[in-house]
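To start, the structure itself, in structure tokens.
Structure, rendered in structure tokens:
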């Protein structure tokens, strides 16, 4: 059942549900606001939540070993405040800074760690059970052409013929080996 939304109808989206409009509004917000983010958790998980991070009060970037160490110390202090939360992008290569052996500086030239910090009131938590992307397939199957749908949900692009390059047994063996390395 489609829910008609007055503002959607005014924009020509008569057949879009409240659900699709919410998803489009989130994506538009992210597109228009630097450093905002949306983390979707599939609704296959019980009590799954999505996190919509709006405007960070601070973004901390670090490239050198000293900057990374100072940033991590600053994050440790900030994490004590219950009103502050956030997320980080930490490239794999940052880990080389913490190894005993020195690494060529040129290898890390383009590597940057970033922390995005938000006050809790700048984060919207959405129950994943309330977001349904399958409606987009219904719209697509009816050949309805809505600019916003086509812009944000290009349903013509699908991964097909997807197959694993290892067996389940090999995968489990490799994960077990990684876990052993971690415990050493």
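In this note's numbering, the protein residues as written are 2 to 185. No residue lacks a Cβ here, since even glycine has one placed at the ideal position from N, Cα and C.
Legend entry - Own chain residues within Cβ distance below 7 Å of residue 76, not counting five before or after: 116
Legend entry - chain D within 8 Å of residue 74, Cβ atoms only: Annotation note: the requested chain D is absent from the structure, which comprises a single protein chain.
Legend entry - Paired residues, beta bridge with residue 115 - DSSP: 62, 90
Legend entry - The alpha helix (DSSP H) enclosing residue 127, as first and last residue numbers: Segment 124-128 is the beta strand (DSSP E) holding residue 127; no alpha helix (DSSP H) there.
Inset, instruction - Could you say if the segment 108-127 and the segment 64-81 meet the contact criterion of at least three C-beta pairs nearer than 8 Å? - result: Three or more beta-carbon pairs drawn from the segment 108-127 and the segment 64-81 are found closer than 8 Å, and the two stretches are therefore classed as touching.
Legend entry - DSSP three-state assignment for residue 171, whether helix, strand or coil: The answer is helix: DSSP assigns residue 171 an H, G or I state.
Legend entry - Straight-line Cα distance separating residue 170 from residue 54: The straight-line gap from Cα to Cα measures roughly 38 Å.
Inset, instruction - Spatial neighbours of residue 123 within its chain, please: CB distance less than 8 Å, with the 5 preceding and 5 following residues excluded, ordered by chain position. - result: 54, 55, 56, 57, 58
Inset, instruction - Within its chain, find whatever has a CB closer than 7 Å to the CB of residue 82; leave out the 5 residues flanking it on each side and keep chain order. - result: none
Inset, instruction - Determine, using beta carbons only, whether residue 85 and residue 114 come nearer to each other than 8 Å. - result: no
Inset, instruction - Let me know the beta strand (DSSP E) ranges lying completely inside the segment 25-84, each 3 residues or longer, listed in chain order. - result: 38-40, 50-54, 59-63
Inset, instruction - Sort out for me which residues DSSP pairs residue 120 with in a bridge. - result: 85, per the DSSP bridge assignment.
Legend entry - Within 8 Å, strictly: CB atoms of residue 60 and residue 34: no
Inset, instruction - Rounded to whole angstroms, what's the CA-CA distance from residue 132 to residue 72? Just pull it up for me. - result: 35 Å
Inset, instruction - Decide if residue 21 is buried, meaning its Cβ has at least 16 other Cβ atoms within 10 Å, or exposed. - result: buried
Legend entry - Exposed unless 16 or more other CB atoms sit within 10 angstroms - verdict on residue 45: exposed
Legend entry - Given residue 52 as reference, the closest of 172, 126, 179 once Cα atoms are compared: 126
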